[in-house]
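Visitor:
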Amino acid sequence: MNKTLRWFVWLLRMEILFSGLLAVAALLVPSELILTLAQQRADNTMRLLEADILARAVGCLLLLLASFSLPAALSPTRYPLVAWLAAGSQCALALSRLLLFGIKNLSAISGLFCLADVGVGLALVALLQASPTPETKLSWSNLRQWIGARQVLAEARANLKAALANRWVQGALLLALLAGLPLGYGLWHHLLRQGPLEQFASDEDHFKHGNIGNEKSRGMPYYLWEVLPEMFADKLPGPGGWASLGFMTEAGRYFPVGFSKRTVGFPMLSPNCALCHSSRYRRSASDQPRFVPGGPAAELDFNGFIKFLGDCADDPRFHPAVLTDKIAAKHQLSAFERQVYRRIILPLTRRALQLMQREFVWMKLRPAAGPGRMDAVNVLKINLFRGADDGTIGTSDYLPVWNQAARGNLGLRWNCGGVNLAQENLLAAAFLLNLDSAAFDSASFKRVAHYLQDLKPPPFPFLIDQAAAQRGQTIFRQHCASCHAFGAAEVGRINPAQQVGTDPAYINSWTEKLVDGLKAVRSGEFHFDAVRLTDGYNNLPLDGCWARAPYLHNGSVPGLWDLLQPDEKRPVRFYRGYNVYDPEKMGFVSDGTEARRFGFEYDTRLSGNGNQGHAYGTNLHDTDKSALIEYLKTL
115 MNKTLRWFVW
125 LLRMEILFSG
135 LLAVAALLVP
145 SELILTLAQQ
155 RADNTMRLLE
165 ADILARAVGC
175 LLLLLASFSL
185 PAALSPTRYP
195 LVAWLAAGSQ
205 CALALSRLLL
215 FGIKNLSAIS
225 GLFCLADVGV
235 GLALVALLQA
245 SPTPETKLSW
255 SNLRQWIGAR
265 QVLAEARANL
275 KAALANRWVQ
285 GALLLALLAG
295 LPLGYGLWHH
305 LLRQGPLEQF
315 ASDEDHFKHG
325 NIGNEKSRGM
335 PYYLWEVLPE
345 MFADKLPGPG
355 GWASLGFMTE
365 AGRYFPVGFS
375 KRTVGFPMLS
385 PNCALCHSSR
395 YRRSASDQPR
405 FVPGGPAAEL
415 DFNGFIKFLG
425 DCADDPRFHP
435 AVLTDKIAAK
445 HQLSAFERQV
455 YRRIILPLTR
465 RALQLMQREF
475 VWMKLRPAAG
485 PGRMDAVNVL
495 KINLFRGADD
505 GTIGTSDYLP
515 VWNQAARGNL
525 GLRWNCGGVN
535 LAQENLLAAA
545 FLLNLDSAAF
555 DSASFKRVAH
565 YLQDLKPPPF
575 PFLIDQAAAQ
585 RGQTIFRQHC
595 ASCHAFGAAE
605 VGRINPAQQV
615 GTDPAYINSW
625 TEKLVDGLKA
635 VRSGEFHFDA
645 VRLTDGYNNL
655 PLDGCWARAP
665 YLHNGSVPGL
675 WDLLQPDEKR
685 PVRFYRGYNV
695 YDPEKMGFVS
705 DGTEARRFGF
715 EYDTRLSGNG
725 NQGHAYGTNL
735 HDTDKSALIE
745 YLKTL
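Quick note, my numbering runs 114 ahead of the 1-based positions in the sequence shown.
So this is what it looks like as structure tokens:
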């Protein structure tokens, strides 16, 4: 063998070895391989499952290509056609890696691998063509000889026929068929089968529990959801299971408002719009909670939810065998189904939760948001757009989503303005919940949007002093209407942060890069042309303002009475997340034994939690403040 072909053999053997090692990794640790070599998001059970299946399929392809190239690596002069096909197969290897990682998620290292595959292929072609051995060169005579090598093909067919005629081979194939078909069907049935969606007669029920197509990107196994609060009650902020994190469950449902349930081989829960835009209240401590669709989720502790899931996944008690036994105690599982949960679903879910905790580690570097708030700005910047953590704090209260028809062309986010932003605001909420635009259920979302068009805020649930309210209406027109009444010139417009004087942290967290990232989104229904960077906060209409406490963008003032006080008289610390209402202060009860027991201590001295500013009305006489509050109860 001449020197050129020896270089060819050495290079091809190195490529076969590398492909074999990559194939073994793809078969044994598929999800870890994808997460290491790609920028693919896989913080969800279904995404990890799909990554595992794809990685193993590509691993089989890599082994097949490596095995096919072996004869040429042993003797290129004896197998010249195989040598040329092996050289060309390097492009197929590059394609397999693109399939494995995805073009959009191609990281720098996996991109280099693809370029290396193409480079090796070109080098192998060059070495074959440069070889002084005529049998290995690409020429018309060699091509005719290779194409006409019918004897080789005939021998191969004869060998295959003889092998298939062997009883031992036939038995092995039959055994593989008998075992493979039931196994394949069982795995499909318990892992990938798409079940029907639950249909709802009323739009309100659809809003509460309708599916928007995000079970693959945001779903969680339902059976695991049931047992986690029991096994890890010590990691919850208080008693009551999921309720301690602010999830609301109605009679007749075994999972909270704001979640849909669907079978994707196994029962899966996934969130919808009602999770962050539903609330409840009680008239007294002995009263039953009353549900408020479209209201800001004043009890939902999103940060606490993420922390709880991550802490559970990191706990040694999160053992698939133990969890499977807990699930089997509640549900009748077949022997095969138990193994699917133990060997596949629960290990993948644990891995997904650990990855999710890693992605949200930035939350630990900021003051705890507590119930009724989340930092959606940094979720966009860091988690969705993969930006660096700039240390800013974008924590804000959830907004109500009722009366969308009246808000059609008003700015609705705390600080963004633009035309038809109402529709974009709803899509932005859906965008946070659904990263897979191809699976996004547009019809389901449109039904929710239609329901919210004319959804009215609930009336104030206590008696109103009508005489005082009439006086308060006059005060409102004089001091508040220009910025907060539907139809007024300034409503839905930006009030500069320096003028309004409220905590600027949220404004400072927005960047041109984030706005450009949102405008660049062109994924199915998701597009955000109206979003823009501003220097202040929107003047929002005050419909249903009684149910929107606490107040200001960061929820730093517990009641409207407190908001009408100068900065130095506003509560420095209070408790939020307790759902008993205080009609006098027009806000939820924020102090006392029960508020301390069930609420979250909010400290206005922490970064991003400032309660200063919005001094409008603070110089009114107390009787005028009381009259104004009575009128605001009527909105």
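C-beta atoms are modelled at their ideal positions from N, C-alpha and C, and glycine is treated no differently.
Express the C-alpha separation of C426 and S556 in angstroms, rounding to a whole number.
Guide: Looking at the two C-alpha atoms, the distance is approximately 34 Å.
Visitor: Please list, in chain order, all residues of the same chain as N517 whose beta carbon is under 6 Å from its beta carbon, the five residues on each side excluded.
Guide: Contacts found: D657.
Visitor: For the structure I just gave you, are there three or more beta carbon pairs, one from the segment 562 to 577 and one from the segment 708 to 727, closer than 8 Å?
Guide: Not touching, per the Cβ criterion.
Visitor: Report the option in I578, G333 and Y620 whose CA atom is closest to the CA atom of M488.
Guide: Among I578, G333 and Y620, the Cα nearest to that of M488 is on Y620.
Visitor: With a Cβ-Cβ cutoff of 9 Å, do N386 and I459 count as a contact?
Guide: No, the Cβ-Cβ distance between N386 and I459 is not below 9 Å.
Visitor: Which word fits R687, buried or exposed, when buried means at least 16 other C-beta atoms lie within 10 angstroms of its C-beta?
Guide: Exposed, by the Cβ-count rule.
Visitor: Could you compute how far the alpha carbon of F642 sits from the alpha carbon of E538?
Guide: Each residue's Cα considered, the two are about 6 Å apart.
Visitor: Once DSSP output is grouped into helix, strand and coil, what is the label at V295?
Guide: According to the sequence provided, residue 295 is Leu. The question's Val does not apply to it. L295 falls in the helix class under three-state DSSP.
Visitor: Give the secondary structure of G235 by DSSP, where H, G and I count as helix, E and B as strand, and everything else as coil.
Guide: Helix, per DSSP.
Visitor: Compute the Euclidean distance between the alpha carbons of T506 and V493, then round it to the nearest angstrom.
Guide: Looking at the two C-alpha atoms, the distance is approximately 12 Å.
Visitor: Sorted by chain position, which residues of the same chain lie with C-beta nearer than 6 Å to L437's C-beta, five sequence neighbours on each side aside?
Guide: Excluding residues within five positions, the ones whose Cβ falls inside 6 Å are L460.
Visitor: Could you pull out every residue in the same chain whose Cβ sits closer than 7 Å to the Cβ of D329, ignoring the five residues on either side in sequence?
Guide: Note on identity: in this sequence residue 329 is Glu, with Asp being the wrong assignment. For E329, where only same-chain residues beyond five positions count, the Cβ hits under 7 Å are M160, R376, V378, M382 and S384.
Visitor: According to DSSP, is Q679 part of a helix, a strand, or is it coil?
Guide: Here Q679 sits in coil by DSSP.
Visitor: With burial defined as no fewer than 16 other Cβ atoms inside 10 Å of the residue's Cβ, what is the status of V406: buried or exposed?
Guide: Per the 10 Å Cβ criterion, buried.
Visitor: Where in the segment 629 to 693 do unbroken runs of the alpha helix (DSSP H), each at least 4 residues long, occur, reported from the N-terminal end onward?
Guide: DSSP runs (the alpha helix (DSSP H)) wholly in the segment 629 to 693: 674 to 677.
Visitor: Under the three-state reduction of DSSP, which class applies to S398: helix, strand or coil?
Guide: The answer is coil: DSSP assigns S398 none of H, G, I, E or B.
Visitor: Let me know the alpha helix (DSSP H) ranges lying completely inside the segment 454 to 490, each 4 residues or longer, listed in chain order.
Guide: List check, alpha helix (DSSP H) in window: 460 to 473.
Visitor: Where do the ends of the beta strand (DSSP E) carrying Y716 lie?
Guide: F714 to D717 is the span of the beta strand (DSSP E), which, as asked, contains Y716.
Visitor: By DSSP, does M382 sit in helix, in strand, or in coil?
Guide: Residue state, collapsed to three classes: strand.
Visitor: Is the CB-CB distance between G713 and R690 below 9 Å?
Guide: Yes; because the gap between Cβ atoms is below 9 Å, this pair is in contact.
Visitor: Please name the residue in S510, E129 and Q592 whose C-alpha comes closest to that of R527.
Guide: Comparing Cα positions, the closest option is S510.
Visitor: Closer than 8 Å is the cut-off here; do at least three beta carbon pairs connect the segment 445 to 453 with the segment 464 to 482?
Guide: Segments in contact, no.
Visitor: Rounded to whole angstroms, what's the CA-CA distance from A519 to L292? Just pull it up for me.
Guide: Whole-angstrom Cα-Cα distance: 60 Å.
Visitor: Quick one: grab the DSSP three-state call for G285.
Guide: DSSP places G285 in helix when its eight states are reduced to three.
Visitor: For a test of the three-state rule: what should DSSP assign to F122, helix, strand or coil?
Guide: It is helical.
Visitor: Could you check which residue in E364, F369, G424 and N417 has the C-alpha nearest to that of Q402?
Guide: Selected option, being the one with the closest Cα: E364.
Visitor: According to DSSP, is T799 helix, strand or coil?
Guide: This structure cannot settle anything about residue 799, because the visible part of the chain is limited to 115 through 749.
Visitor: Using a 10 Å radius around the Cβ and a threshold of 16 neighbouring Cβ atoms, would you call W624 buried or exposed?
Guide: Buried, by the Cβ-count rule.
Visitor: Report yes or no: do three or more beta-carbon pairs, one from the segment 277 to 293 and one from the segment 348 to 358, lie closer than 8 Å?
Guide: Result no; under three Cβ-Cβ pairs closer than 8 Å.
Visitor: DSSP three-state call for K699: helix, strand or coil?
Guide: Looking at K699 - three-state DSSP - the assignment turns out to be coil, as it is neither helix nor strand.
Visitor: Tell me N609's beta-bridge partners as DSSP assigns them.
Guide: Looking at the DSSP assignment, N609 forms a beta bridge with Y651.
Visitor: Candidates H667, N725, E715 and W660: which alpha carbon is nearest I743's?
Guide: Selected option, being the one with the closest Cα: W660.
Visitor: Between Y299, D415, L498 and G298, which lies nearest to G352 when the distance is taken from Cα to Cα?
Guide: The option with the nearest alpha carbon to G352 is D415.
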